[in-house]
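Its first residue numbered 61, the sequence shown is counted upward by one per residue in my numbering.
The structure appears right after this line, and notes come after that.
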Amino acid sequence: MSSTDTADRFTTLPDEQTLATTIVALEEHGFSVDLVDDLPAAQAAVLARIPNGASVMTNTSVTLDETGIADAINHGGPYDSARHKMLALDFETQAQEMKAIGGQPDYALGSVHAITRDGTLIIASASGSQLASYAWGAANVIFVVGAQKLVPSVDAARERIYQHSLVLEDARAQAAYGQHSAVAKILEIHQEFPGRIHVVLIRLSVGF
């Protein structure tokens with residue numbers, strides 16, 4: 061399969077039936093869902109769910125950057141930016157304090173690398189720094205997801221991670237940090253208590 065074929069496979073938007081089926085499956089597994097048409101609507105849907113003064117961690121995410129959500133939280137919004145607090149500390153001497161701040165906010169924001177048709181959320185990470193908050197630590201989690209990330213199965217999700225997302229993230233990491241990325245840890249969220257995890261699904265190709 062050529063690189064063009066691979067890109068097309070993992071960036072093509074789903075049809076309406078696939079969207080509808082996936083949303084029903086997500087809701088059956090305890091996730092709430094907003095389906096929006098564009099980036100401003102995605103940002104509005106996220107900010108509407110976060111009360112003023114809440115502690116919010118914006119995990120590293122191209123989707124949060126492209127939607128303007130990271131800037132809205134961390135630069136002038138009426139929120140307590142966990143990212144600013146965490147980055148003000150020294151990793152060499154205050155790593156545990158950084159983990160506590162980033163891992164236990166009122167709201168953890170980020171994206172996923174794939175959503176399966178039966179309602180499983182799948183996130184890959186090089187460090188795992190965001191996974192603890194998603195799995196347990198954050199009181200609330202909001203995932204902002206481009207609809208191109210919908211896949212038929214967990215196997216297809218893993219193919220998407222290794223064949224598509226990692227390639228793009230590796231290039232981004234080299235440009236931003238001067239080092240390669242990797243898939244060191246993968247979190248699969250199959251079920252959640254209703255009300256904790258919300259998915260904002262965008263009818264666009266957004267993020268990796």
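Think of the CB as a built atom: it goes at the ideal place given N, C-alpha and C, for glycine as much as any other residue.
Item                                                                                                                                                                            : Value
What does the alpha-carbon distance come out to for the pair Gln-251 and Asp-150?                                                                                               : 35 Å
Once DSSP output is grouped into helix, strand and coil, what is the label at Ile-246?                                                                                          : strand
Which term fits Ala-235, buried or exposed, when burial requires 16 or more other beta carbons within 10 angstroms of its beta carbon?                                          : exposed
I need the DSSP call for Val-106, collapsed to helix, strand or coil.                                                                                                           : helix
Measuring straight from C-alpha to C-alpha, what distance separates Ala-242 and Ser-225?                                                                                        : 10 Å
I need the boundaries of the beta strand (DSSP E) containing Thr-176, first residue and last residue.                                                                           : 174-176
According to DSSP, simplified to helix, strand and coil, what is Asp-230?                                                                                                       : helix
Count the other C-beta atoms from every protein chain shown that fall within 10 angstroms of the C-beta of Val-266, then say buried if there are 16 or more, exposed otherwise. : buried
Take every Cβ of the segment 169-180, pair it with every Cβ of the segment 139-148, and state whether three or more of those distances are shorter than 8 Å.                    : no
Between the C-alpha atoms of Ala-184 and Asn-112, what's the straight-line distance to the nearest angstrom?                                                                    : 30 Å
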